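Residue numbers (UniProt numbering): 1 to 390.
Down below is the structure, laid out as structure tokens.
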Amino acid sequence: MRERRMLGHGLPLELPPESGAEVMWTAPFRAEWATDPDGTIRRPEPLFVEAPFEPFPEAEYLHARREVYPITHFCLSVPDALLVGERAIIPRGYTHLITDTLHWNHSSRIFMEDFRCEFEYTHLRYGEGEFHITLGEERRVDHDEAVLISSMEQNNYGAFLLRCVPKLATRRLLGLEGLPVFVSDQQGWQRAILRAFGIGPDQIISYDRSRLHHFRRLVVPDLPSSEFFLDDMTSDFLDEFVAGLQASDPRRGTRPEKIYVSRMQQTRLKPHYRPFVNEAELAALLEAQGFAIIEPENFDFEEQVRIFAAARVVVGPGGAGMFNTIFCRPGANIVALEPLPTWMVQHANLYSGRRHGFAMVLGGSDATDPSAQKRWRTDAGLVAGRVREL
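Shown next as structure tokens:
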């Protein structure tokens, strides 16, 4: 049992010497192509924004809130580390709680709120000016060394692509391929993604949300995206990965260049989860323009990458399938349908951060639907017309 001490908020690059943590690497967040002369990184303007149904004041954010927060990249070596959640780390000394980022919106301070602890399956509660661990030592499992690939929402396909996979770039940069990775691999698609990036089951230490995980040494690469905007290092890493799959693609040169990312199968399986009520109408209009209708879940991961890598125009409702646009060629045009403003800006960062042109058609959610994931519709004729202009 550790000696009882006050456990408070910490910053990864400001840990006291007694923590034993060593900074292995730091680098600025670079997106040279999107950087102003004064050094500010800005998301490009959208190709177009339409809100055909109702006043949508949040649409202005796509024009006004374009500055990308310039995080500092880092990688830490943390001895005697205790992981109390997906990315909540207590270094040796038991006095500081840190996370995998210096981004102000994702630091350990967020765990002062109970709902954030529950959201990230973090075994903490905050009270009386300090954090308290809510699991006993009997729930602790000990490991040797590992690289922390785990991050928040790692059981969400899109979050896994944007938050876990980019850490593999740092792992390679620092020559850490000989160390196992610590990450969630309960889902078949997680294992498929890791396998595609060269990580087999013998190289994985599996995250168990019901446990405290203790490591003799935990290597902590930072979360390298800034609100879903990817930097140059991550983009180069993804470009190299895509090029390798394209080189071995037996259908290279024959794949469709215009694709519609469909949720129709998902709506049939989950009729009360964000159903897109007139999707068939839109799909038919786009199919008449030569679009291939793609349901990503019907393809294995490597095939999904190849499909998106060949596309120069992608249309679809915001969601997991559209995260595959990170595999599109730079310069592709993305048209996203966003019924609610919740993830609008982050999705704009996602599309533009890979040097794609992006556009959005906003609104259409049914205000009478009591669900958080409301049914919705779009103006199919408007979407088809704007897409034709591209």
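Every residue, glycine too, gets a C-beta built ideally from N, C-alpha and C.
Quick caveat, the model's predicted, so the values are computed rather than measured.
Check, Outcome
"Go ahead and pull the three-state DSSP assignment for residue 152.", "coil"
"Cα separation between residue 299 and residue 319?", "17 Å"
"When you compare each of 67, 35, 108, 21 to residue 78 by their alpha carbons, which one comes out closest?", "21"
"Return yes when the Cβ of residue 100 is within less than 9 Å of the Cβ of residue 23, no when it is not.", "no"
"Would you call the segment 180-194 and the segment 158-171 touching, i.e. three or more CB-CB distances under 8 Å?", "yes"
"Going by beta carbon distance, what residues of the same chain come within less than 6 Å of residue 255, once the five residues before and after it are set aside?", "310"
"Locate the alpha helix (DSSP H) running through residue 75, then write down its first and last residues.", "Per DSSP, residue 75 belongs to no alpha helix (DSSP H); it is in the beta strand (DSSP E), 72-83."
"Among 370, 380, 352, 345, whose alpha-carbon lies nearest the alpha-carbon of residue 64?", "345"
"Per the contact definition of three or more C-beta pairs closer than 8 Å, is the segment 147-156 in contact with the segment 73-88?", "yes"
"Per the DSSP calculation, residue 125 is bridged to which residue(s)?", "132"
"For residue 258, write down the residues that DSSP places opposite it in a beta bridge.", "313"
"Could you tell me the alpha carbon to alpha carbon distance between residue 135 and residue 123, rounded to whole angstroms?", "6 Å"
"Tell me the residue span of the alpha helix (DSSP H) that contains residue 195.", "188-196"
"Ignore the nearest five residues each way along the sequence and tell me which others in residue 366's own chain have a CB closer than 7 Å to its CB.", "374, 375, 376"
"What does the alpha-carbon distance come out to for the pair residue 109 and residue 83?", "16 Å"
"On the three-pair Cβ rule with 8 Å, is the segment 353-363 touching the segment 42-58?", "yes"
"Candidates 261, 223, 322, 87: which alpha carbon is nearest residue 120's?", "87"
"How about residue 210 and residue 139: are their beta carbons less than 9 Å apart?", "yes"
"State the Cα-Cα distance for the pair residue 280 and residue 286, rounded to the nearest angstrom.", "10 Å"
"Which stretch, first to last residue, makes up the beta strand (DSSP E) that contains residue 357?", "357-362"
"Could you give the first and the last residue of the continuous beta strand (DSSP E) run that contains residue 216?", "212-221"
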